[in-house]
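Numbering-wise, the sequence shown is residues 7 to 307 according to this note's numbering. Right, one structure below, let's go through it.
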Amino acid sequence: MLAAKLKLYQFNAQDFSNSLWAAAKLGIKDESFIASWLLSAQVKLPEFNDQGLAISLWAAATLSTKNEPFIASWLLSAQVKLPEFNAQALSNSLWAAATLGIRDEPFISSLVLAAKLKLSEFTAQALANSLWAAATLGIRDEPFISSWMLAAKLKLSQFNAQELANSLWAAGTLGIRDEPFISSLMLAAKVKLPEFNALDLAQGLWAAAALGIRDESFISSLLLAAKVKLPQFNALALASSLRAVATLGIKDEPFLSSWMLAAQMKLPEFNSRDLADIRWAADRLGMSVGSLVGSSVATEE
7 MLAAKLKLYQ
17 FNAQDFSNSL
27 WAAAKLGIKD
37 ESFIASWLLS
47 AQVKLPEFND
57 QGLAISLWAA
67 ATLSTKNEPF
77 IASWLLSAQV
87 KLPEFNAQAL
97 SNSLWAAATL
107 GIRDEPFISS
117 LVLAAKLKLS
127 EFTAQALANS
137 LWAAATLGIR
147 DEPFISSWML
157 AAKLKLSQFN
167 AQELANSLWA
177 AGTLGIRDEP
187 FISSLMLAAK
197 VKLPEFNALD
207 LAQGLWAAAA
217 LGIRDESFIS
227 SLLLAAKVKL
237 PQFNALALAS
247 SLRAVATLGI
257 KDEPFLSSWM
267 LAAQMKLPEF
277 NSRDLADIRW
287 AADRLGMSVG
297 SLVGSSVATE
307 E
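Okay, structure coming up:
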């Protein structure tokens, strides 16, 4: 990276975007190089093409680099070139904007509108990422969401486990209550449940509660899959999953027994919010968690 840093002044627009993309792909978080890159690239942003702009913001987000001056300049350049962004550039930019917490309303509105027009060209991954981004940024744009559901329904069979879990979470966060679509999403998720990891399963349970899903077959399959992986749940996931089960009014004894065992192992990790959720859920379920909550309080003190 030192050699590249010394030659940044010779880089053209494509060199800049390619070099940060490479750093992001390789997971290189050299602060000195990134700082020099941002400073040098900012001047050349008007020369970046649509792909270079999208790649550079994606790379900055992947490297967890939020530099306000660079982002401000990026937004100005990207606004001019948005009509040239292809489907991948639009989805990458949406994901990056959400990851970096960019909330420039005029630009985000323009980006969402441009994405809406090309949703039919989005891949399964791009569709999942775009709805996740909308939910993360709190974008409840009905035309976008309606167009997204139409495009996603045609490609749900291509969604992998994480993409399905993220889409369930996003649907729950955005309050999407389109029954035919949610039914299709549940069906696709049910097929891939064996591939869901602990986080995916926790998100699925939370989304089911948020959306009021009462499909017994899906919920039973989700609980069974979650029960097996409860030891892998972190404290937040355990607390939210118990709250989800209580919200749905489901008293599944095998799941609850396994949940207690997993929770005992994570006692030191529960924070006050987790404990409040556990108490609330236990009360709803008529479940005794006195020793669990008491031990956690003692640990905190």
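We treat Cβ as the ideally placed atom computed from N, Cα and C, and that holds for glycine.
- Distances from the CA of S226 to each of E185, A84, I151, P260 were compared; the closest alpha carbon is that of P260.
- Distances from the alpha-carbon of G218 to those of A65, T179, F202, Q164 put T179 closest.
- At a Cβ-Cβ threshold of 8 angstroms, A65 and W27 count as neighbours.
- The three-state secondary structure of S294, taken from DSSP, is coil.
- By the neighbour-count criterion, in which 16 or more other beta carbons inside 10 Å mark a residue as buried, G210 falls on the buried side.
- Assigned with DSSP and collapsed to three states, N166 falls in coil, not helix or strand.
- The shortest C-alpha to C-alpha distance from P186 to any of V197, L156, W212 is the one to L156.
- Boundaries of the alpha helix (DSSP H) around L82: 74-87.
- In the same chain as A245, and ignoring 5 residues on each side of it, the C-beta atoms closer than 6 angstroms to its own belong to D280, D283, I284, in chain order.
- Contact between S62 and F22 is confirmed by a C-beta separation of about 7 angstroms, below the 8 angstroms threshold.
- Distances from the alpha-carbon of L81 to those of V295, S115, A93 put S115 closest.
- With respect to the C-alpha of N55, the residue from S223, N24, E74 having the closest C-alpha is N24.
- Taking 8 angstroms as the cut-off, the Cβ atoms of I77 and I108 count as close.
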